[in-house]
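Residue numbers (my numbering): 11 to 524. Structure, as structure tokens:
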Ligand SMILES: [Fe+2]
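Okay, structure coming up:
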């Protein structure tokens, strides 16, 4: 167990134990939790605590794992109900025992995670119970059911906030993700859980108090359905992620040289994105964009993909069509709309001499610039048919520095050096302060050629080389791709810098079609 995690869990457990013991000594269990089945009031209160503990055990039995690693279950409902009925002491003890999961009993969970899982419920339940009790004491009697509802919602909010904070901190430390990333990644589901279950919890408590303990059982079904729906949402998301990963693996598997390439590019891209503090949505776009960036290579023949040595101009044209082909393949999947610019523009150069659209500087989508650096580093440090010996980390880093401001965004190269991928690699740092890219004569010429090609494509359908070189290429049928901006068929006069570097002029620059 990492030292930081040890400190964190020790702190959580100490805090929770202190809160539970202190509250137990100072605040008695509220008799409203009594079941009303025994003549002895103390026994009846104890029966109530046992009843809510069993309910919480059932709610905790089948947690749902969220994408960032936190576990969500429906025990917030039974704990908030316990806070309303029995106060902080009852809620603390119910949380302590009721949070036991099947994984703990079967020994599948390390002991320190078991402690942490109980601590992140006990402390919030005690504090939430105190808040509920105090607010109910102030306004409950005057406002009747509305007062108890307001008190329960206030307590549930405190419980939710503390539970999310403590859980996210533990996950953040144990998985080395930033706290912000964990909280923001899973917050929508936490929030939905809180919004859906908090009022239900109050209703359960209210029904129990006014009707009887058996009325609580009527709420078990909706809570169970809620848990099932949450599980299904997560499952569908996982299935989508796994399908995308399988698709990427299928593309990589076409060549022995690129096995695992997309997954490594995905990991490097996301790490750069984290260093650059990109939003959760952007990190997710990098995840899927990283996996799918070379999906367009489906339209590239094996003879080109695996060719040792340099490509001819025609072969290079076919290879360079893959970002556009990839974007066209993904275009019908609306869920992947944020990944489209990444896939289409991951070979644009910072100085405007990349492809397919010869975008320059900030014109290139930021996430595509990130992926370009990740793609290049991965490609340089792996063997390829045209370069059997991979570059060392130092050599690859030197290339990134050398081409910063030319091929790569210098700020993104800087960010890459702060990821763990660059750990232990000698880095000379920026050679000079980067300047904004200046339009080159060749680039201006390229843009004029593109404009001419656009007109030509509009007037003469069917001459697009991308369509001609790949019979099933969607570029031939997708209006957006044949609008004349696809240079795959028109911009391979062999003059632009990306082609030059690919043919060895600036070797060993990163392979632009990696
Ligand atoms: Fe690529």
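Just so it is clear, CB atoms sit at the ideal spot from N, CA and C, and this is done for glycine as well.
The DSSP-derived three-state label of residue 310 is coil. When beta bridges are read from the DSSP output, residue 418 appears opposite 414.
The beta carbon of residue 378 is closer than 7 angstroms to those of 351, 352, 355, 356 and 358 in its chain, skipping five residues each way along the sequence. In its chain, beyond the 5 residues on either side, 438 have a beta carbon closer than 8 angstroms to the beta carbon of residue 408.
Here DSSP, grouped into helix, strand and coil, assigns residue 397 to strand. At least 9 angstroms separates the beta-carbon of residue 101 from that of residue 128. Under the three-pair Cβ rule at 8 angstroms, the stretch 83-101 counts as touching the stretch 146-166. Judged by their CB atoms, residue 154 and residue 98 are not nearer to each other than the 9 angstroms cut-off.
By the Cβ-count criterion, residue 345 is exposed, with fewer than 16 other Cβ atoms from all chains shown falling within 10 Å of its own Cβ.
Ranked by how close their Cα comes to the Cα of residue 327, the residues 316, 341 and 310 have 310 in first place. When only Cα atoms are considered, residue 306 and residue 315 end up about 12 angstroms apart. In the same chain as residue 427, and ignoring 5 residues on each side of it, the C-beta atoms closer than 7 angstroms to its own belong to 437, in chain order. Here residue 121 is exposed: its Cβ has fewer than 16 other Cβ atoms, across all protein chains shown, within 10 Å. Shown here, residue 47 sits in coil according to DSSP, grouped into three states, outside any helix or strand. Comparing alpha-carbon positions, the option among 431, 421, 370 and 363 lying closest to residue 388 turns out to be 431.
Using a cutoff of 8 angstroms, the CB of residue 307 counts as near ligand 1, since one of the ligand's heavy atoms is closer than that. The beta carbon of residue 84 lies closer than 7 angstroms to those of 69, 207, 233, 236 and 237 in the same chain, with the five residues before and after it left out.
For residue 333, the Cβ falls inside the 8 angstroms cut-off from some heavy atom of ligand 1. At least one heavy atom of ligand 1 falls within 8 angstroms of the beta-carbon of residue 357.
Taking a contact to require three or more Cβ pairs closer than 8 angstroms, the stretch 223-230 and the stretch 324-338 do not qualify as touching. With a cutoff of 8 angstroms, residue 303 counts as near ligand 1, since its C-beta is closer than that to a heavy atom of the ligand. A straight-line Cα-Cα distance of about 15 angstroms links residue 60 and residue 215.
Between residue 126 and residue 246, the gap from beta carbon to beta carbon reaches 9 angstroms or more. About 44 angstroms separates the beta carbon of residue 263 from that of residue 86, a gap too long to meet the 8 angstroms contact definition. Counted as a single uninterrupted DSSP element, the alpha helix (DSSP H) harbouring residue 165 occupies residues 155-185. For residue 369, the secondary structure class from DSSP, reduced to helix, strand or coil, is coil.
Collapsing the DSSP output to three states places residue 263 in coil. When the beta-carbon positions are compared, residue 384 and residue 269 stay at least 9 angstroms from each other.
Only exposed fits residue 205, as fewer than 16 other CB atoms lie within 10 angstroms of its CB. Less than 9 angstroms separates the beta-carbon of residue 192 from that of residue 185.
Taken through DSSP and simplified to helix, strand or coil, residue 345 comes out as helix. Just measuring C-alpha positions, the residue of 188, 159, 158 and 197 sitting nearest residue 173 is 197. Per DSSP, reduced to three states, the secondary structure at residue 110 is coil, with no helix or strand assignment. Between ligand 1 and the CB of residue 262, the shortest heavy atom gap is not smaller than 8 angstroms. Of the residues 199, 50, 44 and 103, the one whose Cα lies closest to the Cα of residue 63 is 103.
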